[in-house]
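Here the structure comes first, spelled out in structure tokens, and everything after it is commentary.
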Amino acid sequence: MNLWVEFAPENRLARNGGQGIIYTINVDASFVSTDQCIGIGFLLRDNTGYFRGAKCMQHRSYCSEEAEGIALFEAIKWAKDLNITRIIFESDAQVLVRYIQGNDVKIDWRCKSILEDCKFLISNSVSFVVNFFPRSANRAADCLAKAARISSSSCSVLTDAPSFLFDILNHDSIIDVIEVDPRLVL
Numbered sequence: 001m002n003l004w005v006e007f008a009p010e011n012r013l014a015r016n017g018g019q020g021i022i023y024t025i026n027v028d029a030s031f032v033s034t035d036q037c038i039g040i041g042f043l044l045r046d047n048t049g050y051f052r053g054a055k056c057m058q059h060r061s062y063c064s065e066e067a068e069g070i071a072l073f074e075a076i077k078w079a080k081d082l083n084i085t086r087i088i089f090e091s092d093a094q095v096l097v098r099y100i101q102g103n104d105v106k107i108d109w110r111c112k113s114i115l116e117d118c119k120f121l122i123s124n125s126v127s128f129v130v131n132f133f134p135r136s137a138n139r140a141a142d143c144l145a146k147a148a149r150i151s152s153s154s155c156s157v158l159t160d161a162p163s164f165l166f167d168i169l170n171h172d173s174i175i176d177v178i179e180v181d182p183r184l185v186l
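One point on numbering: in full-length UniProt numbering, the residue at position 18 of the sequence shown is 18, and numbering is uninterrupted.
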């Protein structure tokens, strides 16, 4: 699958009155306090929960809050690069999400400028939303971030799901179906 062709404007419209597909990007960062090298992982899903691509990268950070901010910033930039206009970004960094949403929360000074950059990019977008997503439901992005932190590659764009995500993505698909129709639970 060619990710760049997949998201060409003519391929993004869904059968929902021409509104277009609303994509989801799950975002996470992996930070270890003894090492300033962090891993960032985010994955793109369409409105059916189907995996559409992912990106993993290494970066440097001084704290976990800054790492999560960098991850969100990189995910927003990636979405803009792909020219996707309707996205829900999901992060398990609740304080950062609350800050992006305009709530008055205490943020580390190193992270504040990154989040202001995120807010600027979001304000110049058609429909970008940032929501809190519990850590237990953000396992795929967490696995990507951990893999990125220990990888020998500084950046990877994935058009197919890596094998270590298969079980997680399958589990997420089952949960999505159950939420749509609880009668399917035996």
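Built from N, CA and C at the ideal position, the CB exists for glycine as well.
Separation of residue j from residue i, as counted between CA atoms
i    : j    : result
L96  : T34  : 23 Å
S125 : I25  : 15 Å
D28  : E90  : 9 Å
R98  : F128 : 15 Å
S152 : A71  : 19 Å
A79  : C118 : 12 Å
Cβ shell of residue i (< 8 Å), same chain only, five flanking positions each side left out
i    : result
F120 : none
E74  : I40, F42, K55, M57, H59
C143 : G41, F164, L165, I168
Beta-carbon proximity of residue i to residue j, cut-off 7 Å
i    : j    : result
R139 : I168 : yes
I84  : V130 : no
G49  : A145 : no
D108 : R135 : no
N47  : I22  : yes
Buried/exposed call for residue i, threshold 16 Cβ in 10 Å
i    : result
G69  : buried
A141 : buried
Spatial neighbours of residue i in its chain, beta-carbon cut-off 6 Å, leaving aside the 5 residues before and after
i    : result
V157 : K55
beta-carbon residue i near the ligand PLP non-hydrogen atom, thresh 6 Å
i   : result
T85 : Looking for the ligand PLP in the displayed structure turns up nothing, as the structure carries no ligands at all.
Residues near residue i in its chain [Cβ-Cβ closer than 7 Å; skip 5 each side]
i   : result
C37 : Q58, R60, R149
Uninterrupted beta strand (DSSP E) stretches inside the region 20-49 (no shorter than 3 residues): Complete beta strand (DSSP E) runs here, min 3: 23-32, 35-45.
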